[in-house]
Amino acid sequence: MPNNPVLVIGASRGIGAELVRQYLADGQMVHATVRDPAEPGELAGLDGDLVLHRLDVRDPDEITELAQSVDDLAVIIHNAGINRAPRAEIMEVNAVAPIRVIEAMLAAGTLRPEGVIAIMTSQMGARRDRTGSLGDYGDSKEALNLEFRNRADDWRGRGALAIVVHPGWVRTDMGGSSAPLSVEESATGVRDLIANLTPEQHGRFWTWDGREHPW
Ligand SMILES: NC(=O)c1ccc[n+]([C@@H]2O[C@H](COP(=O)([O-])OP(=O)(O)OC[C@H]3O[C@@H](n4cnc5c(N)ncnc54)[C@H](OP(=O)(O)O)[C@@H]3O)[C@@H](O)[C@H]2O)c1
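Take the sequence shown: its position 48, counting from 1, is numbered 56 in this note's numbering, and each next residue is one higher.
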């Protein structure tokens with residue numbers, strides 16, 4: 009089994025936890041972040057080559073510490089996100105933090121050449137022909153998408169293959185019980201997308217099942 013270490017940011021539950029489970033089941037080494045490693049949520053008791061790291065994505069000191077604690081990553085998945093909080097907090101967690109985290113990881117040289125960066129966005133951040141507000145959550149994911157597009161050329165120049173991903177509408181705390189997709193289906197699709205990513209796909213918006221999404 010090749011050693012392709014993966015970092016999953018925001019992994020205590022939902023899609024993030026399932027990504028960790030699946031990569032571990034495949035025999036990969038996984039670095040996973042949770043806000044408190046003493047309370048790792050759904051990661052408690054998982055078997056495999058798992059290292060837990062403390063990270064609240066709003067905390068610049070914890071971001072710096074994480075960037076100094078990981079190395080030689082083949083894949084970085086920024087999964088953390090929220091939809092029920094004051095607008096400023098939603099913007100900070102969903103739009104500001106992912107860019108800050110990835111910039112810190114790249115600056116510290118934690119990603120292998122041609123390593124993959126996948127940031128969870130949402131179809132709700134796709135502006136298409138809309139002119140009004142997308143709501144706080146949609147606005148935050150739209151802002152993330154815009155900033156991602158601003159940085160994509162620079163990140164490619166630094167050796168990364170980077171994409172934003174809509175994971176589908178998934179049965180999690182965020183997605184609710186009536187969502188059509190299980191975490192298993194979504195995480196399997198996201199992992200396939202990442203494993204088969206080509207340089208031509210860099211800088212673009214993809215769905216969990218490998219379709220390109222319009223901005
Ligand atoms: N579920 C869907 O239908 C759906 C659809 C489109 C996009 N997405 C996106 O997919 C990603 C995962 O969604 P999900 O449904 O799995 O959500 P979830 O079940 O609500 O889990 C969210 C994860 O993000 C973490 N997180 C939240 N705020 C954080 C912070 N400040 N610092 C560190 N970690 C933080 C949570 O950690 P704690 O346990 O510590 O709070 C948790 O592990 C999100 O980016 C979401 O926007 C989901």
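Quick reminder that beta carbons are idealized off the backbone N, C-alpha and C, glycines included. All of these numbers come straight from a predicted model, not from anything done at the bench.
Looking at C-beta atoms only, is the number of pairs between the segment 64-79 and the segment 30-38 that lie closer than 8 Å three or more? Of all C-beta pairs linking the segment 64-79 to the segment 30-38, fewer than three are shorter than 8 Å, placing the two stretches out of contact.
Compute the beta-carbon to beta-carbon distance between N12 and V83, rounded to the nearest angstrom, for a pair I have assumed lies under 8 Å. In this structure, N12 and V83 form a Cβ contact; the two beta carbons are roughly 7 Å apart against a cut-off of 8 Å.
In angstroms, rounded to a whole number, what distance separates the CA positions of T215 and V198? T215 and V198 have their C-alpha atoms roughly 8 Å apart.
At 3 residues or longer, and completely inside the segment 128-174: list those beta strand (DSSP E) runs for me, N to C. The segment 128-174 contains these whole beta strand (DSSP E) runs: 169-174.
Say yes only if the C-beta of H174 is nearer than 7 Å to one or more non-hydrogen atoms of ligand 1, and no if none qualify. When distances are taken from the beta-carbon of H174 to the heavy atoms of ligand 1, the shortest one is below 7 Å.
What do you reckon, is the C-beta of M113 under 7 Å from a heavy atom of ligand 1? No, Cβ of M113 sits at least 7 Å from all heavy atoms of ligand 1.
How far does the beta strand (DSSP E) with L60 in it extend, from its first residue to its last? L60: member of the beta strand (DSSP E) spanning L58 to R62, first to last residue.
List, from N- to C-terminal side, the alpha helix (DSSP H) runs of 4 residues or more that fit wholly inside the segment 64-128. Segments of the alpha helix (DSSP H) lying fully in the segment 64-128: 68-77, 95-99 and 105-115.
Following a CB-centred definition, is G197 positioned closer than 7 Å to any heavy atom of ligand 1? Outside the cutoff, so no.
Hey, out of D162, A168, R164 and M128, whose CA is closest to A151's CA? Residue M128 is the option with its Cα nearest to A151.
How many whole angstroms separate the CB atoms of R62 and A105, which I take to be in contact at a CB cut-off of 8 Å? Contact annotation, R62 with A105: C-beta distance approximately 15 Å; criterion of less than 8 Å not satisfied.
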